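As structure tokens, the structure follows; a few thoughts come after it.
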Amino acid sequence: MKDTVAGAEPATPAALGASRSRESAVEVVDLTRIYGDGLGVKALDGVCLGVRSGEFIAIMGPSGSGKSTLLHLLGALDRPTAGRIAVAGRDLATVRDLDAFRARTVGLVFQLHNLIPTLTALENVEVPMYEGPFAGQARRERARQLLAWVGLAGRLDHRPGQLSGGERQRVAVARALANRPSVILADEPTGSLDSSSGAEVLRLLRDLNRAEGTTVILVTHDPLIALATDRIVTLRDGRVQRDQPVADADRHDLEVFRRSDVGRLIFGEDALTPTPLPAGPDQERQQGVRASPAGRGVGGEGVSRGRTGG
Ligand SMILES: Nc1ncnc2c1ncn2[C@@H]1O[C@H](COP(=O)(O)OP(=O)(O)OP(=O)(O)O)[C@@H](O)[C@H]1O
Ligand SMILES: [Mg+2]
Numbered sequence: 575m576k577d578t579v580a581g582a583e584p585a586t587p588a589a590l591g592a593s594r595s596r597e598s599a600v601e602v603v604d605l606t607r608i609y610g611d612g613l614g615v616k617a618l619d620g621v622c623l624g625v626r627s628g629e630f631i632a633i634m635g636p637s638g639s640g641k642s643t644l645l646h647l648l649g650a651l652d653r654p655t656a657g658r659i660a661v662a663g664r665d666l667a668t669v670r671d672l673d674a675f676r677a678r679t680v681g682l683v684f685q686l687h688n689l690i691p692t693l694t695a696l697e698n699v700e701v702p703m704y705e706g707p708f709a710g711q712a713r714r715e716r717a718r719q720l721l722a723w724v725g726l727a728g729r730l731d732h733r734p735g736q737l738s739g740g741e742r743q744r745v746a747v748a749r750a751l752a753n754r755p756s757v758i759l760a761d762e763p764t765g766s767l768d769s770s771s772g773a774e775v776l777r778l779l780r781d782l783n784r785a786e787g788t789t790v791i792l793v794t795h796d797p798l799i800a801l802a803t804d805r806i807v808t809l810r811d812g813r814v815q816r817d818q819p820v821a822d823a824d825r826h827d828l829e830v831f832r833r834s835d836v837g838r839l840i841f842g843e844d845a846l847t848p849t850p851l852p853a854g855p856d857q858e859r860q861q862g863v864r865a866s867p868a869g870r871g872v873g874g875e876g877v878s879r880g881r882t883g884g
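Here it is in structure tokens:
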């Protein structure tokens, strides 16, 4: 592991997360993934998908329809059999240092991407930062800030085995945000959690999307969770079966959901207004409010990459 980014690829503005406007966050063209040779399973079969920067989308579909396969490909954890993928303006076929790409451009919240059991929550959040621009004390300070933001300021030195499932998942969210990725890929992050822990994780992703403009692509089986996003893409047999904005999908169910306990937690007043984000950790300590996941305030660059809010 290294403290600096020496030797890593030069970062593009998009890879730095500098611009989160209307540009394309993800572009997938004719994506096919066949597992095994010849007789294998066609997990994805010509998928086309565009996701704009700042969108919050849900991927749904029956078990085996290709959702995880798609997320793995977007996160450069796997290579397609055919087709093209661009993430944050980079064609993945041309990315040479995939570790650096993964560490800096995408944040992964996967159930199988477990925390390292022998490391504390703080150390787990620091791990991806060894591939990013934050070094030394700045890295530790940022990890603290992120854990405070997910409500775990009091659990910094706990190991995963000493945390609840919901707390572990929140550590995973903090870890995914470590290097300020422009795209978060979350594969059923609420799947193993009870409804209120699941709602809290969803709310963190939603706050992040609203406050920071981070693109979020969330796989879920839960239609109510999907209704909390902006758009639902449904896969079936490795193809896009449906792709609709949530407002058109089912306004009535959404309204019922908004009025439910879980819906109020997600859509409640404070969730509709992005969490006020302090400029840096000093202010955070003074005011006792959550720190920005990106180490900067809304509407300003505050702190650029390579330095932190410390
Ligand atoms: N490594 C692999 N080798 C062979 N086949 C695989 C592999 N991974 C997935 N598959 C197959 O590819 C298809 C798509 O799998 P994928 O994991 O993407 O589905 P999914 O939509 O995420 O399902 P679930 O909702 O159950 O998580 C399935 O038929 C699965 O059996
Ligand atoms: Mg899956």
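Just so we're aligned, residue 575 is where the sequence shown starts under this note's numbering, counting upward by one.
Cβ coordinates follow ideal geometry from the N, Cα and C atoms, glycine included.
Here the structure is a predicted model, which means the values were calculated and not measured.
Using a 10 Å radius around the Cβ and a threshold of 16 neighbouring Cβ atoms, would you call residue i buried or exposed?
i, result
"GLY854", "Annotation note: pLDDT 33 at GLY854 (below 50); position unreliable, coordinate value reported separately. It is buried - the Cβ of GLY854 has at least 16 other Cβ atoms within 10 Å."
"ASN753", "buried"
"ASN688", "exposed"
"ARG653", "exposed"
"THR789", "buried"
"THR692", "exposed"
"SER627", "buried"
"PRO755", "buried"
"ILE791", "buried"
"ASP673", "exposed"
Of the residues the options, which one's Cα is nearest the Cα of residue i?
i, options, result
"SER771", "GLU786, ALA785 and GLN743", "GLN743"
"LEU651", "LEU666, SER637 and GLY657", "LEU666"
"VAL603", "ASP619, GLN818, GLU597 and ARG729", "ASP619"
"ALA656", "LEU672, GLU629, ALA674 and ALA617", "ALA617"
"LEU648", "GLY635, VAL669 and PRO636", "VAL669"
"GLY740", "LEU776, ASP781, VAL600 and VAL836", "LEU776"
Which residues bound the beta strand (DSSP E) around residue i?
i, result
"PHE675", "Per DSSP, PHE675 belongs to no beta strand (DSSP E); it is in the alpha helix (DSSP H), 672 to 679."
"SER598", "598 to 609"
So what does residue i bridge to, in DSSP terms?
i, result
"SER756", "Paired residues: none, contrary to the question."
"ASP817", "VAL807"
"PHE630", "VAL790"
"ALA802", "ALA802 pairs with nothing; no bridge assigned."
"GLY624", "GLU601"
"ALA662", "None; ALA662 has no bridge partner."
"LEU618", "ARG607"
"LEU682", "LEU759"
"ALA656", "THR606"
With a cut-off of 8 angstroms, does the C-beta of residue i fall near any C-beta of chain D?
i, result
"ILE806", "The chain labelled as chain D is not found in the depicted structure, where only one protein chain is given."
Looking at the unbroken alpha helix (DSSP H) that takes in residue i, where does it start and where does it end?
i, result
"GLU705", "No alpha helix (DSSP H) holds GLU705; DSSP gives it neither H nor E."
Report yes or no: do three or more beta-carbon pairs, one from the stretch 805 to 814 and one from the stretch 630 to 649, lie closer than 8 angstroms? Cβ pair count under 8 angstroms is three or more, so yes.
Counting beta carbon pairs with one atom in the stretch 724 to 734 and one in the stretch 785 to 804, are three or more of them shorter than 8 angstroms? Contact fails: fewer than three Cβ-Cβ distances are below 8 angstroms.
Looking at C-beta atoms only, is the number of pairs between the stretch 746 to 766 and the stretch 677 to 685 that lie closer than 8 angstroms three or more? yes
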